[in-house]
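Respectively, the protein sequence lines represent chains A and B. In case it helps, the numbering used here puts the first sequence at residues 1 to 324. In case it helps, the numbering used here puts the second sequence at residues 325 to 615. Note that the Cβ used here is the ideal one computed from N, Cα and C, for glycine as well. For clarity, every value in this text was computed on a predicted model and none was experimentally measured.
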Amino acid sequence: MPVKVNTAGLATTIQDLGRPGYYHLGIPIGGAMDRLALRAANLLVGNGENAAALEAVFMGPELEFTEDATVAVTGGELPPKLDGEPRETWTSFRVKSGQVLSFDYLRAGARAYIAISGGIATPPALGSRSTYAIGALGGVGGRAIQPGDALPLGPQDEATAEGRSLPADLRRAPGNPAELRVLPGLYWHRITEASGRNFFTDSWKVAPEADRMGYRFQGGRALEFVDREPPFGAGSDPSNITDACYPYGSIQVPSGAEPIVLHRDAVSGGGYFMLGTVISADMDFIGQLQPHTETKFVKVNMHTALAARRSRAQTLDQIRAALS
Amino acid sequence: MTSRYTFGGDEHIFVEVDEAMSLEAFFKSLSMTNAVRESAIKGVTEICPANASFQIKFDPDAIHPDDLMTELKRLEEGADQAEAVLNTRIIEIPVYYQDPWTHETLMRFRERHQDPDASDIEFAARINDFNTVEDFIAAHAGAPWFVSMVGFVSGLPFLYQMVDRPRQIQVPKYLRPRTDTPKLTVGYGGCFSCIYSVRGAGGYQMFGITPMPIYDPNQEVNYLKDFMVLFKPGDIVKWKPIDREAYDQAVADVEAGKFMPRMRDVVFSLDDFNKDIDGTNAKLEEALYAG
Chain A
1 MPVKVNTAGL ATTIQDLGRP GYYHLGIPIG GAMDRLALRA ANLLVGNGEN AAALEAVFMG
61 PELEFTEDAT VAVTGGELPP KLDGEPRETW TSFRVKSGQV LSFDYLRAGA RAYIAISGGI
121 ATPPALGSRS TYAIGALGGV GGRAIQPGDA LPLGPQDEAT AEGRSLPADL RRAPGNPAEL
181 RVLPGLYWHR ITEASGRNFF TDSWKVAPEA DRMGYRFQGG RALEFVDREP PFGAGSDPSN
241 ITDACYPYGS IQVPSGAEPI VLHRDAVSGG GYFMLGTVIS ADMDFIGQLQ PHTETKFVKV
301 NMHTALAARR SRAQTLDQIR AALS
Chain B
325 MTSRYTFGGD EHIFVEVDEA MSLEAFFKSL SMTNAVRESA IKGVTEICPA NASFQIKFDP
385 DAIHPDDLMT ELKRLEEGAD QAEAVLNTRI IEIPVYYQDP WTHETLMRFR ERHQDPDASD
445 IEFAARINDF NTVEDFIAAH AGAPWFVSMV GFVSGLPFLY QMVDRPRQIQ VPKYLRPRTD
505 TPKLTVGYGG CFSCIYSVRG AGGYQMFGIT PMPIYDPNQE VNYLKDFMVL FKPGDIVKWK
565 PIDREAYDQA VADVEAGKFM PRMRDVVFSL DDFNKDIDGT NAKLEEALYA G
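Here it is as C-alpha cells:
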C-alpha cells in the first residue's frame, strides 16, 4: 500500500546509495548527498542501509500513509509532525494508516532524510532507485516527487520498534564556518603560488547555485593563472583544459572566479581545470550547507585524507552498533 | 608523450596522457583503460576514458592509493607498445543543420555570444575561413568523426574530426553558458563536436539537430532496448545532412519503432590513417554504405 504525496516540498527526491559503474557514460553515481544520514535513517526503521528514502531539501513534503509503518527523519534538522503533533528527529516513530506526516521549518543543515520501514519500492534503474533528474533516471519517472504521486513501499518486517534514537554524539553535521578538507592536485599547477595560498586563506560563502550536481562558492579572491600557450583542443580561456573527466568532489574554477565542487550528480567531465578535490570524508557535509554558509577550504595531504576516511568508517560502525 | 599522474582526492587517480588533443593521445588513453580493465586490479570501481586523459575511481579501503598509482604506471609501458588498431563500428547520424529549434534557442541567448549579429553556424563558418555556411556544413559532414569521450551528462558523445590538423574546425564556446539547449542538438566547442543527449544547460555552439535519440532512460527506442546509451568511446560517426522533410520522417519512424540507424563494423588502424587520411576515410565510408 503506497504513501500518498499531498505536497512535495521544494525538490524532494527518492535516493539510495546510488548507481556506481556508469560514470564512464556520463551517468553519475547519484544517491543521498549525506550518505551517513541516509544510512542512519534506514537503520533506525530497520531497513538495509541502501534502502531508498526521501531526500528533502530546505522544506519537507506532506505525506499520507495508507498502511502502518515506522518512520525516521535524520540529516538536516527538519522537525517532523504526525497529524500536527511534533516528533523527534533521529528517532523512529510509528505512523498509522490514515495519518499525515508533515514538517516544521528547517532549523539547521540543508537536507533531511525520511526513511520509511520497508523502503520506497519504485522500480530500480541501472541497479538503483536514486533519482537522477538530469538524465530522467530512477525515482518516480526520473523526477522529483509531485503532489498526487503514490510511493510504493517494500515488504515490512514485523512491526519495527519505535522510539529508537541515535545518540547525539553520533549525529554528524558541518561546523560553522564549515571546513572542507581538500587534497590539492589535478591541474593545481595551472594557478600561481599566491593564488594557491589565497584559495586556502580566503573565506568563501555557499552561492545560491548549490544543488545535487555541485556547489558553487563566492567571496574569495579570483585566481591567477600561470601563462601558457593554449594546448590544441583546450580552448583559449586560461581555465580551459582539453575536456577531461571530473572526479567527485573536484573543485573547478571557470575563468578563475567562482569555485564549484561537484557532488553526487556530477557532470562526468568537461573543459575546466580543477585545483584539487574535497576528500571523501567531507563530502556528506557539503549536502548540509545552506546558501551563504561561510566555508573554509583546508589543505590536507593523502595521509590525513585516509585517516579522516577511517575515522568516518568508525563513526558508521558506532552508528551500526548503537542501532543493532 | 609522457603521462602525468595525479590524485583526485582519496578515491580517484587522474592521468593526463597529453595536454593537447590528438588521436595518438586518445588511443593511448583508450589502450591504458583497456589494460586497467583487463588486469582487474582490486579496488578499482570505475574506469573512465576521456579525450586525451582518463580517470580511475577506486576504493582506498581495498587498495592503497600509492599502490594503485604504481600499478597504473606499470601498465603504461604496455600501452606504449600496444598496436593502435580498433575493432569498432561506424554509425550514420542524420543532421538537420540550421533547424528552427536550435535557431530559436540561440536567438534567446545572443547576449552570451561572441557575435550577437550572426547565428552560431555563421560565426563558426566565418572564423574558420569558409565563404558560405553551405561550405562549412560540407566540411563538418565531409569526414568522419571519432567518439573520443562519452560523458558530461548521460551518454553525450564528444567527437573529434578525422582530418589533418590544418583542416580541423575550431570554435570557441559561448562567452557564458546557456541555461537551455534542445535535446539532440549537434554542438561545437574547441575542436570537438557533440550531441546533447538531454535538454539542459550548455556552452557549445549549436549547428543543428538530429532526429535520432542517443539516450533513452525508458529503453523504448527500438535500437536502445538492450542498453539506454548508444555511444561508446572509439565509435566512428558520419554526419548526413538532411532537410526538414527527412527530419520529420525520421522522427515519425523513431516514434513508430521503425528507425534503425545505419551502422557497420569496421577495423580502424591509426597507422594506416596517418599514412593516408582521406583514403582511410573513403574506405570507412565505403564500408558504411556497402550492401
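Query	Result
From the beta carbon of Ile27/A, is the nearest beta carbon of chain B less than 8 Å away?	yes
Between Ser363/B, Pro541/B, Ile371/B and Ala467/B, which lies nearest to Glu601/B when the distance is taken from Cα to Cα?	Reading the sequence as shown, one finds Ile at residue 601/B and not Glu. Ile601/B has its Cα closest to that of Ala467/B, out of Ser363/B, Pro541/B, Ile371/B and Ala467/B.
Give the residues of chain B in contact with Pro231/A, contact being defined as C-beta atoms less than 9 Å apart.	Asp342, Glu343, Ala344, Met345 and Ala376
Quick check: the Cα distance between Ala178/A and Gly513/B, rounded to an integer number of angstroms?	36 Å
Between Trp188/A, Val253/A and Leu137/A, which has its C-alpha nearest Tyr22/A's C-alpha?	Leu137/A
Using DSSP with H/G/I as helix, E/B as strand and the rest coil, what is Met356/B?	helix
Out of Met584/B, Met473/B and Thr394/B, state which residue places its alpha-carbon closest to the alpha-carbon of Leu25/A.	Met473/B
Can you confirm whether Glu362/B, when its beta carbon is compared against all beta carbons of chain A, has any partner nearer than 8 Å?	no
Could you name the residues of chain B that Met302/A contacts, counting a contact when the two beta carbons are closer than 7 Å?	Phe331, Asp334 and Pro389
Below 8 Å on C-beta distance, what does Pro247/A contact in chain B?	Gly332, Gly333, Glu335, His336, Phe338, Gln379 and Lys381
So, under 8 Å CB-CB, Ile145/A and Ala32/A are touching, yes? Tell me the CB distance rounded to an integer number of Å.	Actually they are not in contact, since the Cβ atoms of Ile145/A and Ala32/A sit about 15 Å apart, beyond 8 Å.
What is the DSSP secondary structure of Pro184/A, counted as helix, strand or coil?	strand
Should Leu137/A be flagged as near chain B, meaning a C-beta pair shorter than 8 Å?	yes
May I ask you to report which of helix, strand or coil DSSP gives Ala53/A?	strand
Quick one: is His336/B buried, meaning 16 or more other Cβ sit within 10 Å of its Cβ, or exposed?	buried
Do Tyr248/A and Met274/A have their CB atoms nearer than 8 Å?	no
Are the C-beta of Ser102/A and some C-beta of chain B separated by less than 8 Å?	no
What are the residues that DSSP puts in a beta bridge with Pro481/B?	Val474/B
Does Ile533/B come within less than 8 Å of chain A when only Cβ atoms are used?	no
Put Asp589/B into one of helix, strand or coil per three-state DSSP.	strand
Work out the CA separation of Pro80/A and Glu88/A for me, nearest whole Å.	7 Å
Taking 8 Å as the threshold (C-beta atoms), are Leu170/A and Ile114/A in contact?	no
If you follow the beta strand (DSSP E) that Trp563/B is in, where does it begin and where does it stop?	Ile560 to Pro565
What are the uninterrupted segments assigned as alpha helix (DSSP H) that are 4 or more residues long and contained completely in the segment 327–392 of chain B, given in chain order?	347–363
In three-state terms, what does DSSP make of Ile414/B?	strand
Determine the DSSP secondary structure at Pro496/B, reduced to helix, strand or coil.	coil
If you compare alpha carbons, which of Glu209/A, Asp149/A, Pro167/A and Glu294/A is closest to Gly220/A?	Glu294/A
In angstroms, rounded to a whole number, what distance separates the CA positions of Phe460/B and Ile566/B?	15 Å
In three-state DSSP terms, what is Lys397/B?	helix
Counting only Cβ-Cβ distances shorter than 8 Å, please list the residues of the segment 291–319 of chain A near chain B, keeping chain order.	Met302, Ala305, Leu306, Arg309 and Ala313
Bridge partners of Ala108/A, per DSSP?	Glu77/A
Can you grab the Cα-Cα spacing for the pair Ala234/A / Val477/B, in whole Å?	19 Å
Please determine, among Gly76/A, Glu62/A, Arg111/A and Arg143/A, the residue with the shortest C-alpha to C-alpha distance to Gln99/A.	Glu62/A
From Val57/A to Asp444/B, what does the alpha carbon distance come to, in whole angstroms?	38 Å
In three-state DSSP terms, what is Tyr528/B?	coil
Can you check whether the C-beta of Phe476/B is within less than 8 Å of a C-beta belonging to chain A?	yes
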